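>
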Amino acid sequence: MKAIGFSAAAMALSGLLGACVTGAPAHATPEATVMEFARALQEERYEDAYALMSSDYRARVSLEHFQAQLQEHPQEIASTADRLGQLTEPAVQRATVVYDERDGELLLEREQGRWLITTNVAGFYDQSTPRNALKAFVRAMTRRRYDVVMRLIPNADKPGITTKRMEEAWSGEGREEADRLINNLRNHIAAPIEIVGNRATMPYGDRMRVQFLREDGRWKIEDPE
């Protein structure tokens, strides 16, 4: 996954689409907000465009900085505003509900006026993606579900490892090291992951990384540092 330059257009869109905007009736739908944002950019009404950004975005980026970046990339902004002003598909409305500060959240999408859950609640230890496998590992280690941890270990690394040995290794003094690993991974759970074929890597922190392997259709963790 390559890093993308954080242009003014990207900053604007991430702030706009990443949060709900409340205010006048004209902003009652995502589409209306985007259209008004596009018009403000096209007419160089930067203060009006800035007012449509979320409060979180405005707390991080001043109006002066926002305006300076827009003026620095006039061609990109003009192109972005033109495309935004020609929306042809309705917005996909999503929401996130956090029910556990450590690792519990539900993702929802709005369909035909109803909010429906898209998170696979039944797949608590899901391994369909590298990130889901990482979340499963953190959850399993937190709850000392070493039987689940075993499922997350690549086949080549399993000889000699048993749930009893893991429990012995990560109890007593070893639990402190396990907790350090768990907390470190939890704090970087959203770090970028690069996927190449059946392997993936997540660099994080100070020269740390997690290696993933897709095996038997499921993602497993080769080397959690």
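All you need for the working numbering is the position in the sequence shown, starting with 1, plus 140.
The beta-carbon is built from N, C-alpha and C at its ideal position, and this holds for glycine as well.
Quick caveat: nothing in here was measured; it's all calculated off a predicted structure.
Using 10 angstroms around the beta-carbon of Val161, count the other beta-carbons present and answer buried if the total reaches 16, otherwise exposed.
The sequence position of residue 161 within the sequence shown is 21, counting from 1. Residue placement at Val161 is poorly supported in this model, since its pLDDT is 37, which falls under 50; the coordinates are not used for a value here.
> Report the start-end ranges of each alpha helix (DSSP H) in the region 193-217 that is 4 residues or longer and not cut off at the edges.
195-200, 203-212
> With DSSP as the reference, label Val161 as helix, strand or coil.
As a working mapping, residue 161 is identified with position 21 in the sequence shown. For Val161, the predicted structure reports a pLDDT of 37, less than 50, and the residue's modelled location is therefore unreliable. The matter cannot be settled from this model.
> Relative to the C-alpha of Ile257, which residue among Thr236, Gln267, Pro270 is closest?
As a first step, residue 257 is located in the sequence shown; it is residue number 117 there, counting from the start. Nearest of Thr236, Gln267, Pro270 to Ile257, Cα basis: Thr236.
> Hey, is the region 328-347 in contact with the region 279-293, meaning 3+ C-beta pairs nearer than 8 Å?
no
> Could you tell me how far apart the beta carbons of Ile333 and Arg271 are, in whole angstroms, since I believe they sit closer than 8 Å?
Counting from 1 along the sequence shown, the entry for residue 333 is found at position 193. Counting from 1 along the sequence shown, the entry for residue 271 is found at position 131. Indeed they touch by this definition, with Cβ atoms about 6 Å apart.
> Should the region 304-314 be regarded as contacting the region 349-358, the criterion being three or more beta carbon pairs within less than 8 Å?
no
> Would you check if the distance between the CB atom of Gln267 and the CB atom of Trp359 is smaller than 9 Å?
To locate residue 267, count along the sequence shown from 1; it is residue 127. To locate residue 359, count along the sequence shown from 1; it is residue 219. Their beta carbons are under 9 Å apart, which means Gln267 touches Trp359 by this criterion.
> Excluding the 5 residues flanking Ala331 on each side, which residues of the same chain have their C-beta closer than 8 Å to its C-beta?
The sequence position of residue 331 within the sequence shown is 191, counting from 1. For Ala331, where only same-chain residues beyond five positions count, the Cβ hits under 8 Å are Met342, Pro343, Tyr344.
> If you drop the 5 nearest sequence neighbours on each side, which residues of the same chain put their C-beta closer than 8 Å to that of Leu227?
One-based indexing of the sequence shown puts residue 227 at position 87. Same-chain partners within the cutoff: Glu171, Val174, Met175.
> Tell me where the beta strand (DSSP E) around Val336 begins and ends.
Numbered from 1 along the sequence shown, position 196 holds the residue referred to as residue 336. Note, Val336: beta strand (DSSP E), 334-336.
> For Asn295 and Gly357, what's the separation of their Cα atoms in angstroms?
Start at 1 with the first residue of the sequence shown, and residue 295 comes out as number 155. Start at 1 with the first residue of the sequence shown, and residue 357 comes out as number 217. Looking at the two C-alpha atoms, the distance is approximately 13 Å.
> Kindly list the residues whose CB is nearer than 8 Å to the CB of Glu245, restricted to its own chain and excluding five residues on each side of it in sequence; keep chain order.
Your numbering for residue 245 matches position 105 in the sequence shown. The residues are Thr236, Val237, Val238, Tyr239, Thr259.
> Under the three-state reduction of DSSP, which class applies to Ala340: helix, strand or coil?
Here residue 340 corresponds to residue number 200 of the sequence shown, with the count starting at 1. If DSSP states are grouped into helix, strand and coil, Ala340 belongs with the strands.
> Cutting at 6 Å between CB atoms, please list the residues of its own chain near Trp255, excluding the five before and the five after it.
Mapped onto the sequence shown, residue 255 falls at position 115. Close CB contacts of Trp255 within its chain, under the 6 Å cut and outside five residues either way in sequence, are with Leu248 (chain order).
> With a 10 Å radius around its C-beta and 16 neighbouring C-beta atoms as the bar for buried, classify Thr220 as buried or exposed.
Taking the sequence shown and counting its residues from 1, one reaches residue 220 at position 80. The residue in question, Thr220, is buried, as its Cβ has 16 or more Cβ neighbours within 10 Å.
> Count the other CB atoms within 10 Å of the CB of Pro364; is the residue buried (16 or more) or exposed (fewer)?
Working through the sequence shown from its first residue, we reach residue 364 at position 224. Under this definition Pro364 is a buried residue.
> Taking the DSSP output, what are the residues bridged to Ile257?
In the sequence shown, the residue the question calls residue 257 occupies position 117. Answer is Leu248, bridged to Ile257.
> Identify, in the order they occur along the chain, each residue of the same chain with its Cβ nearer than 7 Å to the Cβ of Thr303, setting aside the five sequence neighbours on each side.
The sequence position of residue 303 within the sequence shown is 163, counting from 1. The answer, listed in chain order, is Tyr286, Asp287, Met290.
> Could you check what DSSP says for Thr173 in three-state terms: helix, strand or coil?
Here the question's residue 173 lines up with position 33 in the sequence shown. Helix, per DSSP.
> Counting C-beta neighbours from all protein chains within 10 Å, is the total for Arg185 16 or more, i.e. buried, or is it exposed?
In the sequence shown, counting from the first residue as 1, residue 185 sits at position 45. Exposed, because fewer than 16 other Cβ atoms sit within 10 Å of the Cβ of Arg185.
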